[in-house]
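Let me begin by presenting the structure, written as structure tokens, before commenting on it.
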Amino acid sequence: MGLRTFSFGGGVQSTAVLVLQAQGRLPDGGFQHFLFANVGDDSEHPATLTYVREVSQPFAKRHGIDLRTVFRKRRDGSEETLYGRLTKPGSRSLPIPVRMGDTGAPGTRSCTADFKIRVIGKWLREHGATADDPATVGIGISLDEIHRANARRVEAYERIIYPLLDLKLRRTDCLRIIADAGLPRPPRSACWFCPHHRPSTWQDMRREEPELFERAAQLEDLLNERRDELGKDHVFFTRFGQPLRKVIPDGVELLQFADDSDDGMCDSGHCFT
36 MGLRTFSFGG GVQSTAVLVL QAQGRLPDGG FQHFLFANVG DDSEHPATLT
86 YVREVSQPFA KRHGIDLRTV FRKRRDGSEE TLYGRLTKPG SRSLPIPVRM
136 GDTGAPGTRS CTADFKIRVI GKWLREHGAT ADDPATVGIG ISLDEIHRAN
186 ARRVEAYERI IYPLLDLKLR RTDCLRIIAD AGLPRPPRSA CWFCPHHRPS
236 TWQDMRREEP ELFERAAQLE DLLNERRDEL GKDHVFFTRF GQPLRKVIPD
286 GVELLQFADD SDDGMCDSGH CFT
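Numbering follows the numbering used here, in which position 137 of the sequence shown is assigned residue number 172; successive positions increment by one, without gaps.
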């Protein structure tokens with residue numbers, strides 16, 4: 036049997052798969068390795084990093100599961116972070132799916148490919164995955180989000196599977212599995228500045244984590260200052276075509292947002308799981 040790994044996102048679905056691995060309930064013996072591709076301690080949501088380090092990793096260790104963290108490395112061996120790439124002086128890079136000011140549609144992104152997929156792919160190849168002997172890579176998409184299993188381009192050295200789909204488990208089932216194992220509920224996993232956040236997530240952040248929300252707003256400001264220098268239209272972190280501070284006002288409870296279906300839709304399966 037070839038290398039069997041799981042792309043661990045640090046959220047509800049991934050944690051449920053970790054529990055199922057510990058309980059011996061995954062098909063074909065489950066996975067040899069769980070790989071958490073950390074896009075940077077300055078980039079991942081702090082709650083996700085805390086959960087992975089204080090809950091997931093100790094749980095994995097108790098059950099003899101190899102849960103390891105991998106990072107994107109530069110040629111000199113140093114770690115590159117997504118936030119660092121965005122804020123690097125003189126950088127024109129826009130690897131995250133910012134919303135374009137003229138249409139509100141997500142722009143082209145490379146964040147998941149560069150900081151998740153390729154990082155895991157490099158680890159797989161270093162550990163023996165080849166076109167002749169591809170690694171099996173599990174993705175934590177649950178049945179209620181089956182539309183996210185969009186059969187992204189698969190490299191020759193990997194074979195993608197969806198264990199939660201095979202088991203016909205929904206997100207609510209994942210929450211029950213985690214609770215029954217005595218673990219706290221994981222936070223939703225994503226970068227704290229991800230433009231795929233739903234407006235309600237931004238609203239919660241402004242109310243509950245105002246300093247983090249302000250950092251996101253400042254990052255949006257920085258990107259647009261650079262856009263001004265280049266003579267380009269502004270970009271935004273929501274589809275409303277206005278700055279984050281304006282569309283998510285302080286101290287105002289926004290009860291609902293019309294047509295939320297466009298938001299929270301990262302389809303890679305490596306984030307928001």
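Virtual Cβ for every residue (Gly too), placed ideally from N, Cα, C.
Since the model is a prediction, treat every value here as computed from it, not as a measurement.
Within a Cβ cutoff of 8 Å, which residues of the same chain sit near residue i, ignoring the five residues on either side of it in sequence?
| i | result |
| --- | --- |
| L279 | W237, F248, A251, A252, E255, F271, F272, T273 |
| E114 | G75, F106, R107, K108 |
| E89 | none |
| S296 | Bear in mind that a pLDDT of 47 at S296, under 50, signals an unreliable position, so the number given afterwards is only what the model happens to contain. Excluding positions up to five away in sequence, the list is empty. |
| R21 | No statement about residue 21 is possible, as the shown extent of the chain runs from 36 to 308 and does not include it. |
Could you please give me the residues that DSSP links to residue i through a beta bridge?
| i | result |
| --- | --- |
| H231 | Paired residues: none, contrary to the question. |
| I195 | V172 |
| C226 | E79 |
| P141 | R134 |
Kindly say whether residue i, judged by its beta-carbon, lies nearer than 7 Å to any beta-carbon of chain C.
| i | result |
| --- | --- |
| A191 | The chain labelled as chain C is not found in the depicted structure, where only one protein chain is given. |
Note the first and the last residue of the continuous alpha helix (DSSP H) segment covering residue i.
| i | result |
| --- | --- |
| R250 | 245-265 |
| L53 | 47-57 |
| L70 | Unbroken run through L70 is the beta strand (DSSP E), 68-72; no alpha helix (DSSP H). |
| K123 | Unbroken run through K123: none, as it is neither H nor E. |
Indicate whether residue i and residue j have their beta-carbon atoms separated by less than 7 Å.
| i | j | result |
| --- | --- | --- |
| F66 | T104 | no |
| V52 | G175 | yes |
| S224 | T83 | yes |
| P221 | V47 | yes |
| I213 | T85 | no |
| T147 | H305 | yes |
Going by beta carbon distance, what residues of the same chain come within less than 7 Å of residue i, once the five residues before and after it are set aside?
| i | result |
| --- | --- |
| R205 | S177, L178, D179 |
Among the residues of its own chain, which have a CB less than 6 Å from the CB of residue i, if the five just before and after it don't count?
| i | result |
| --- | --- |
| G95 | Contrary to the premise, residue 95 reads as Ala rather than Gly in this sequence. These residues qualify, in order along the chain: L102. |
| Y118 | G75, D77, S78 |
| L55 | L61 |
| G139 | R274, G276 |
Tell me whether residue i sits in a helix, a strand or coil according to DSSP, three-state version.
| i | result |
| --- | --- |
| V133 | coil |
| R103 | strand |
| F271 | strand |
| E114 | strand |
| K281 | helix |
| K96 | helix |
| F307 | coil |
| K108 | strand |
For the beta strand (DSSP E) containing residue i, name the first residue and the last one.
| i | result |
| --- | --- |
| S42 | 39-42 |
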